[in-house]
Amino acid sequence: MLFNLDDFFEGVTDEECNGTIYYKISQLLIDTLDAMSRVSGESLYVINYLSRGFLYVSQNPLFLNGYLREDVLKMGYSFYEKNLPQEDIDMLLEINKKGFAFFYQQPIEDRLKFTISYDFRLLQKNKSTTMINHKLTPILLTPKGNIWLALCSVMLSTEKKSGNVYINKSGGLHRLRYSFEGKRWRSTEVVSLSKIENVILKLSAQGLSNKQIAETIYLNINTIKFHKKNIYQKLNVKNITEAIVFAHNNYII
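In structure tokens:
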């Protein structure tokens, strides 16, 4: 499929907005996100759906993928064409279409509560790929309730394949998973850990060994290993590093 910028905005409603208000909001937003990126080290960027480009891109190198920040800002959506395999571009087009369709079915007062998450590959200059987890949430709507600005975060993913598309609602006990086979959203329960599993995972994220965790929370080392095994099964991962990344990407810790 040939790259067509308009395809990324299928389902987006065009709307004129007050330029003065937009300028004031955008400058405040850029300054705030720059500060957030400096203290957190997270890779962030903002999509402007009305201008069909990027309003902001942080200095974090993960999403920049070897480019200068200014270059990615200028490229906008053509960044995807240059840095994603074609099959992942096709996947993003499908996700965008289905995601917008879902979004505009929701009451306007709920539209800022949703986040969509998915994994795709970034092509490196040596032709290898890096799997990343990408989250997008609306942060500003137009007066008519259409998406104006959306905040995106980019993190490393533990997944082996692109996809894994979920929609989460803030405070919800369930989330929606997109089925590429059925072309529909299916409700799934949010993965949860027990209190002790959560504590063990947080201590592991701090770099503590099984022995150190056992001493810290006064449990037998075999009990720690047992709980870690349960964590791996619940999160469908193979080791503690993958568990920590998965838990962080999915709001578990």
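For the sequence shown, position 175 matches number 175 in UniProt numbering, and the numbering has no gaps at all. Each residue gets a CB set at the ideal place from its N, CA and C atoms; glycine is no exception. Keep in mind it's a predicted model, so treat the numbers as computed, not measured.
Taking the C-alpha atoms as reference points, what is the distance between residue i and residue j?
i	j	result
Tyr-118	Pro-107	23 Å
Asp-110	Thr-32	24 Å
His-174	Pro-61	33 Å
Ser-43	Asp-34	10 Å
Glu-87	Leu-93	10 Å
Lys-238	Ile-224	16 Å
Ser-194	Ser-40	27 Å
Asn-126	Tyr-67	14 Å
Leu-84	Leu-123	6 Å
Thr-129	Ala-214	38 Å
Gly-162	Val-154	Reading the sequence as shown, one finds Ser at residue 162 and not Gly. Answer to the nearest angstrom: the Cα atoms are 14 Å apart.
Mind checking residue i: buried by the 16 CB within 10 Å criterion, or exposed?
i	result
Thr-115	buried
Ala-101	exposed
Ile-30	exposed
Asn-249	buried
Arg-121	buried
residue 286	Lying outside 1 to 253, the shown extent of the chain, residue 286 is not represented and no answer is given.
Ser-78	exposed
Measure from the alpha carbon of residue i to the alpha carbon of each residue in the options, then state which is nearest.
i	options	result
Ile-132	Thr-158, Ser-37, His-174	Thr-158
Leu-156	Asn-65, Ile-47, Asn-48, Leu-55	Asn-65
Ile-25	Leu-208, Leu-141, Thr-130	Leu-141
Gln-27	Ser-37, Lys-98, Met-36, Tyr-56	Tyr-56
Val-190	Ala-205, Gly-172, Glu-197	Gly-172
Leu-219	Cys-152, Glu-197, Ser-187	Glu-197
Leu-176	Ile-167, Val-245, Gly-182	Ile-167
Gly-182	Ala-214, Lys-98, Glu-70, Asn-250	Lys-98
Arg-184	Ile-89, Phe-79, Asn-96	Asn-96
Phe-103	Lys-82, Leu-73, Leu-136, Tyr-80	Leu-136
Thr-188	Tyr-80, Val-165, Phe-9, Asp-7	Val-165
Taking 7 Å as the limit between beta carbons, can you name the residues of its chain near residue i, skipping five residues before and five after?
i	result
Lys-211	Ile-221
Lys-234	Val-191, Leu-193
Ser-170	Lys-113
residue 297	The question about residue 297 has no answer, for the chain in this structure spans 1 to 253.
Report all residues from its chain with a CB closer than 6 Å to the CB of residue i; omit the five preceding and five following residues, and keep chain order.
i	result
Ser-179	Arg-186
Gly-76	Gly-53, Phe-54
Ile-139	Leu-149, Leu-151
Pair every Cβ in the stretch 193-210 with every Cβ in the stretch 221-238, then say whether three or more of these pairs are closer than 8 Å.
-> yes
At least 3 beta-carbon pairs within less than 8 Å: the stretch 144-153 vs the stretch 44-54 = yes
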